[in-house]
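S.K.: Sequences listed follow chains A and B, in order. Position 416 (the first sequence) corresponds to 416 in this note's numbering; numbering is contiguous. Position 23 (the second sequence) corresponds to 23 in this note's numbering; numbering is contiguous. For glycine and all other residues, C-beta sits at the position ideal for the given N, C-alpha and C.
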Amino acid sequence: MDNKPPEELKMTANQYAIVNLSKGSVKIGETSASIIRSYLGGRGTNVYYLNKLLRKDVDPLSPENVLIFGSGLLTGFLIPNASRFNVTAKSPESGFLGDTNCGGYFAPEMRYAGFDRVIILGKAKKPSYIFLQDGSVEIRDASAYWGLDTYDVQTELRKDLGDVQAAVTGEAGEKLVRFANIRNGVKNAGGRGGLGAVMGSKNLKALVAYGTRGLKVAHPEQLLELTRRVNDYVMNSKVISVMGKLGSPYLYDVSNELGAIRTKNSQLNAWSDSLNAEYFEEYAEKMVSCASCIVHCRHRNTMNGEGPEYTTIGLLGANIGISDPKQVIELNNLCNRLGLDTASAGSILAWVFELYEKGIVDRTKFHGEKLEFENFELAKSLLEKTARREGLGDVLAESSQAVQYFGPKSADYLIAVKNLPQSDPHDVRYIKAFALGIATASRGADHLRSRPTLEIFLRLPQEVKEKIYGTGISPDPTSYEGKEKTVFWSDNMYAVIDAVGICKFICHGFNSPHLIGYEQVREFLQAAVGLDFEVQELKEIGQRIIDTERILNLRFGLTRADDSLPKRYFDDPAPLKTAQGHHIDRQQFQTMLNRYYQLRGWNDQGMVTHKRITELEAIE
Amino acid sequence: MKKATYGVTIRLVGVLKITTGIEKVHLDLEGNDTIGTVLTRLVGVHPVLGQELFNKSGEIHKYLNIFVDNQPVLQENLNDIPIQHSTTLTLVMAVGGG
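1) Grab me the residues of A:Arg-568's own chain with a C-beta within less than 6 Å of its C-beta, minus the 5 sequence neighbours each way, in chain order.
2) Under a three-way DSSP split, which group does A:Met-287 fall into?
3) Take A:Gly-444 and list the residues in its own chain whose beta-carbon comes closer than 6 Å to its own, dropping the five residues that flank it on each side.
4) Can you check whether the C-beta of B:Gly-14 is within less than 8 Å of a C-beta belonging to chain C?
5) In the DSSP assignment, the beta strand (DSSP E) including A:Asp-141 goes from what residue to what residue?
6) At 8 Å on the CB atoms, spell out the chain A contacts of B:Leu-64, in chain order.
7) For the beta strand (DSSP E) containing A:Val-19, list its first residue and its last residue.
8) Counting only beta-carbon separations shorter than 8 Å, does B:Pro-47 have a partner in chain A?
9) So, are the CB atoms of A:Ala-291 and A:Ser-71 less than 8 Å apart?
10) By DSSP's criteria, A:Tyr-129 is part of a beta bridge. Which residues make up the other side?
11) Quick one: is A:Lys-485 buried, meaning 16 or more other Cβ sit within 10 Å of its Cβ, or exposed?
12) Does DSSP classify A:Asn-336 as helix, strand or coil?
13) Got a sec: is the Cβ-Cβ distance from B:Leu-74 to anything in chain A below 8 Å?
14) So A:Asp-253 contacts chain B; which residues on that side make the cut at Cβ distance below 7 Å?
15) So that I know if they touch, is there some Cβ in chain A lying closer than 8 Å to that of B:Ile-83?
16) Chain B beta carbons: is any one of them nearer than 8 Å to that of A:Asn-492?
17) A:Thr-578 CB to nearest chain B CB: under 8 Å?
18) Closest by CA to A:Lys-159, which one among A:Gly-173, A:Ala-144, A:Gly-190 and A:Pro-60?
19) Name the two residues that bound the continuous alpha helix (DSSP H) containing A:Val-239.
20) Would you say B:Phe-67 lies against chain A (beta-carbon separation less than 8 Å)?
21) Using a Cβ-Cβ distance under 8 Å, would B:Thr-90 count as near chain A?
22) Is the Cβ-Cβ distance between A:Thr-453 and A:Gly-509 less than 8 Å?
23) Please report the Cβ distance between A:Val-164 and A:Ala-209, rounded to the nearest whole angstrom; I am assuming they are in contact, meaning their Cβ atoms lie under 8 Å.
24) Between the Cα of A:Thr-478 and those of A:Pro-573, A:Leu-525, A:Gln-422 and A:Arg-37, spot the shortest distance and give me the residue it belongs to.
25) Does A:Pro-475 get closer than 8 Å to chain B when you measure Cβ to Cβ?
26) Closer than 8 Å, CB to CB, is B:Asn-77 near chain A or not?
27) Under 9 Å, CB to CB, which of the residues in the segment 500–531 of chain A have a partner in chain B?
28) Strictly under 8 Å for the Cβ-Cβ distance: is A:Ala-277 near chain B by that measure?
29) Give me the Cα-Cα distance between A:Asp-348 and A:Ala-439, rounded to the nearest whole angstrom.
30) Using a C-beta cutoff of 8 Å, does B:Asn-55 count as contacting chain A?
31) Determine the DSSP secondary structure at A:Thr-263, reduced to helix, strand or coil.
32) What residue ranges within the segment 42–97 of chain A form continuous beta strand (DSSP E) runs of no fewer than 3 residues, ordered along the chain?
33) Strictly under 8 Å for the Cβ-Cβ distance: is A:Pro-6 near chain B by that measure?
34) Please decide whether B:Ile-35 counts as near chain A, where near means a Cβ-Cβ distance under 8 Å.
35) With H, G and I counted as helix, E and B as strand and the rest as coil, what does DSSP make of B:Val-25?
36) Please decide whether B:Ile-18 counts as near chain A, where near means a Cβ-Cβ distance under 8 Å.
Okay, structure coming up:
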């Protein structure tokens, strides 16, 4: 039997579609070789296009916003954990760069359908979805799916269209909740920055893919051998075997022991042991994974959902004063159904609970609600109201933009950077490098962009850290000395791993001092797509992505003052455990920030030089 | 006021507790005990901890975070750090991610 695909289904790559929903038009093109060599794909190529196509003064929820779905350059190949894509637009939550990374099965399907990237312009006149199938693109009526939650819409799409994959938004996205996310499968979320609301603003319910095309492998035997070797290497890692058994919840008591769990809006920094990983095990049905994943980090829970991850345990647990694992799972599943980002949800709830309890804001502003921590039913009710913009929920749906409603004093209590509520439950007052990481991350307070995780390895020999990050780094996590190097290195590494579409859980430096780094990425690029890079070139691509994101943020009005931290991290020492008494010193933070800017080649105001801007804008 | 206790209490947290099933161990102290010698004797009592705490060369894993009464131990050579009666030693496998 001839296994070759017919000519009309020939394998394609590098193809994009520009879909104008206002005009109902589709234009198909190919990303140039020079753009791929400069940005690879995924997050990198997305920000390249966004920077080219977006006007700076655009309202993020207007038809003029540009919404880009882009797969990693290695996504869809037989490469461990290469399942990921990025969605990029101007964020309605922060007003700065919105960029979110997601796993699951959607992005490989999008590539098999013939498209690496879909760039969405305008606004449809009625609810619509975009259907990608073997090189064709159609804008279709989504009236039958409008109003469905993120689980049900995917189920209905499969009933109607067969074995498709879809990136969807839920009720929260339709209602323009500023932290509405984009979802694929039960659990996978493009969670941050409210890009589900951008879909809603465009009357776009889903991007749906069905593909029978493959991806042409440059050197198949070499790729097979390399994949086997890297699989063995990754699976021999202690942290990976733990993650396959327990998922990310194992991180909770590591942070809690240190006194680094955001608790009750960071008024406290440690919480109940009842949220330790083992207490979630009784609700775990099995472990599941994304496409090509060898880790299997995610629980299918017994309450008709998946998760929660560590982030959600912290933010919908400790941060709002919930200590019952079952209740955390229920809130997790609810957010996932509604299409709410759990990180922002838990941060915003905790923020308003403190505003209310301390009387910082006049209580008439809370629509008759009596707010308090440690109240599961209240939290559940407020999440539902937020997704539907009912009562106080209409205010909470504004996320950090609700400072305008509550008044400027309320901003002092908001745990956010660049208007983005902090992504993870880690209180950064103890580990100074983590603080710089969330202060400078391009999309706002976020650990997935630049966290120098190895700082939590308190006894890692200095020579090991210096081999990775460079010399002159204090081994003390509470020191500011040299910590800008750890953030600079992590920024660049994670940008590259996002650009190729590999999961950060197996990325060098994120979970472990080992795992997949530049050398393995170089080998995979050569074997899979036949592109030869030097390791130094890959490092420069990481820097280029960060610089392009910075240029875009500067166009949105970002200044040095935005590379900062929540007031509480500076002014209120952590009260509990190892971190007790620690806070961020303003002067030392600013000095560390200066050094970070110098490493990046930015001026003392964090501006990218004209020469660099000109150089990057010349890429075509 | 802290209650005086003879010997050292060792707490295992997180992954270590889950994978070994051991949560808390009390050991008597011997003369000139250090963190290093206490951990060696701990493995003598609970051999399952051997590969969790020590690498193949017999050195204590670098990814093991150790806290003495909530204060982190940053030094590499644990045989240089004496340990006192009534101390609580907390052992946590350092793992990152999110």
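M.R.: Quick answer:
1) Ser-266
2) strand
3) Ser-94, Val-417, Lys-418 and Leu-420
4) The structure shown contains no chain C; its protein chains are A and B.
5) 136–141
6) Arg-459
7) 15–20
8) no
9) no
10) A:Arg-140 and A:Ala-206
11) buried
12) helix
13) yes
14) Val-13 and Gly-14
15) no
16) no
17) yes
18) A:Ala-144
19) 238–246
20) yes
21) yes
22) yes
23) 6 Å
24) A:Pro-573
25) yes
26) no
27) Lys-504, Phe-505, Gly-509, Phe-510, Asn-511, Ser-512 and Pro-513
28) yes
29) The amino acid occupying residue 348 of chain A in the given sequence is Ile; Asp does not appear at that position. Roughly 19 Å between the two C-alpha positions.
30) no
31) strand
32) 67–71 and 85–90
33) Any answer about A:Pro-6 is weak, because its pLDDT of 46 lies below 50 and its placement is not dependable; what the coordinates show is given next. By this cut-off, A:Pro-6 is not an interface position.
34) no
35) strand
36) yes
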